[in-house]
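Participant: In this text, residue positions in the sequence shown follow my numbering: the first is 38, and each later residue adds one. No residue lacks a Cβ here, since even glycine has one placed at the ideal position from N, Cα and C. Here the structure is a predicted model, which means the values were calculated and not measured. My questions will all concern the structure given below.
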Amino acid sequence: MTGDISGKRVLFVTTKNLDYIRNAQELSLIRKMAVCCDVIGSYNSHYPLRILIVIWGLITRSAGRYDTVFIGFAPQLVLPLFRKKFLRQRVLIDFFISLFDTFCLDRKLFKPAGIVGRFLHRLDRVTLSLADLVICDTLAHGRFFTEEFHVAPSRLHPLYLEADRRVYHPVSVQRPEHLKDKRIVLYFGSILPLQGADVVLKAISLVLKNQSGRKNIFFYFIGPIKGKALRSLCPHSALVQYIPWLSQKELARLIASSDLCLAGHFSKTIAKASRTIPGKAFIYQAMEKPMILGDNPANHELFVSDRDTVFVEMGNSRALADAILTFFEYD
Numbered sequence: 038m039t040g041d042i043s044g045k046r047v048l049f050v051t052t053k054n055l056d057y058i059r060n061a062q063e064l065s066l067i068r069k070m071a072v073c074c075d076v077i078g079s080y081n082s083h084y085p086l087r088i089l090i091v092i093w094g095l096i097t098r099s100a101g102r103y104d105t106v107f108i109g110f111a112p113q114l115v116l117p118l119f120r121k122k123f124l125r126q127r128v129l130i131d132f133f134i135s136l137f138d139t140f141c142l143d144r145k146l147f148k149p150a151g152i153v154g155r156f157l158h159r160l161d162r163v164t165l166s167l168a169d170l171v172i173c174d175t176l177a178h179g180r181f182f183t184e185e186f187h188v189a190p191s192r193l194h195p196l197y198l199e200a201d202r203r204v205y206h207p208v209s210v211q212r213p214e215h216l217k218d219k220r221i222v223l224y225f226g227s228i229l230p231l232q233g234a235d236v237v238l239k240a241i242s243l244v245l246k247n248q249s250g251r252k253n254i255f256f257y258f259i260g261p262i263k264g265k266a267l268r269s270l271c272p273h274s275a276l277v278q279y280i281p282w283l284s285q286k287e288l289a290r291l292i293a294s295s296d297l298c299l300a301g302h303f304s305k306t307i308a309k310a311s312r313t314i315p316g317k318a319f320i321y322q323a324m325e326k327p328m329i330l331g332d333n334p335a336n337h338e339l340f341v342s343d344r345d346t347v348f349v350e351m352g353n354s355r356a357l358a359d360a361i362l363t364f365f366e367y368d
């Protein structure tokens, strides 16, 4: 990847909001190495409008002054339509998500063999075939792209996520008086299926039942718990605080006040969970917080088991609960 942008004139294109962490990461990297970097994108919060803004920008922008085109989030929405415009440019794409994998295998909104599933698979495959270099978030994801879409491994390059260190960094905070004698465990997420929120909630329930009368472990569960299935798993206790949403600044404050953080992914039923490193793991790492990770190939690409980095079997609430209890036994 370095040779494709170093000393080059780069056009960066993305349909995701420009302040999205992956866009910020890539733009920072490109601007450090390229001669110039122009951007087609938007900060607008409405996705359809952002796509229209990007399409109009591509229609009206001359490609002649660029050596390289870097298409960020969801290149499937851009590259098949505009590849002919960039015949003389080297095209890099960030294949951060496969639409087929996300909507058919992960969220199971469409059947893989159905009309929509076959269309998304073809769209992914065509997009990948049109790129000169494909950026992926993990080596494990790259292997999936090779197996599922027949991308040559030589065209794949991993670029791991990074936390926004302007927000997430080590800091000391004052705990509320009622938590000063507690050991605090924190979990946050958007509650996507691959994150395994059900595994976390069951583990919390098990920990609450197995504190041997000490009652000194307190949980923050941050995320929008929806649906009867998940709500039925929520332990009702003074030792658990459920928070639907927090700003990044408020989230960082609670992470700083915690003793142990749950990263995941913890789902065992969704294959994608084993191919990705959860973004929260990078946040905990930046804040120098001990964490529990799902035991999978992607997480092992960057993290090594030690006192402050614990791996547990995915899908196993008992193993997660035991890991939490054991962590504090040796504290």
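Report back the beta-carbon spacing between Ala335 and Leu142 to the nearest angstrom; my notes put them in contact at under 8 Å.
Facilitator: Actually they do not touch by this definition, with Cβ atoms about 15 Å apart.
Participant: Give me the DSSP bridge partner(s) of Gln278.
Facilitator: Tyr257
Participant: Quick check: Gln113 and Leu136, are their CB atoms within less than 7 Å of each other?
Facilitator: yes
Participant: Does Phe186 come out as helix, strand or coil in the three-state DSSP assignment?
Facilitator: helix
Participant: Flag this pair as touching only if the stretch 254-264 and the stretch 217-227 have three or more C-beta atom pairs under 8 Å; answer yes or no.
Facilitator: As far as the Cβ criterion goes, the stretch 254-264 touches the stretch 217-227, which means the pair count is three or higher.
Participant: How would you write the range of the alpha helix (DSSP H) that Asp131 sits in, first residue to last?
Facilitator: For Asp131, there is no enclosing alpha helix (DSSP H); the enclosing beta strand (DSSP E) has its first and last residue at 127-131.
Participant: Can you say whether His178 is buried or exposed, counting buried as having 16 or more other CB atoms within 10 angstroms of its CB?
Facilitator: buried
Participant: Buried or exposed: Pro281, going by 16 or more other Cβ atoms within 10 Å of its Cβ?
Facilitator: exposed
Participant: How about Ile77 and Val244: do their beta carbons lie closer than 7 Å?
Facilitator: no
Participant: Looking only at DSSP bridge pairs, what is Tyr224 linked to?
Facilitator: Phe258, Leu299
Participant: Please work out which residues of its chain come closer than 7 Å, Cβ to Cβ, to Pro207, disregarding the five sequence neighbours upstream and downstream, and give them in chain order.
Facilitator: Met324, Glu325
Participant: Just to confirm the assignment: which complete alpha helix (DSSP H) runs, minimum length 4, are found wholly within the stretch 88-156?
Facilitator: 116-119
Participant: Keeping to the same chain, check which residues put their C-beta closer than 6 Å to that of Met70; ignore five residues upstream and five downstream.
Facilitator: The beta carbon of Met70 sits closer than 6 Å to those of Ile42, Ser43, all from its chain and outside the five residues before and after it, given in chain order.
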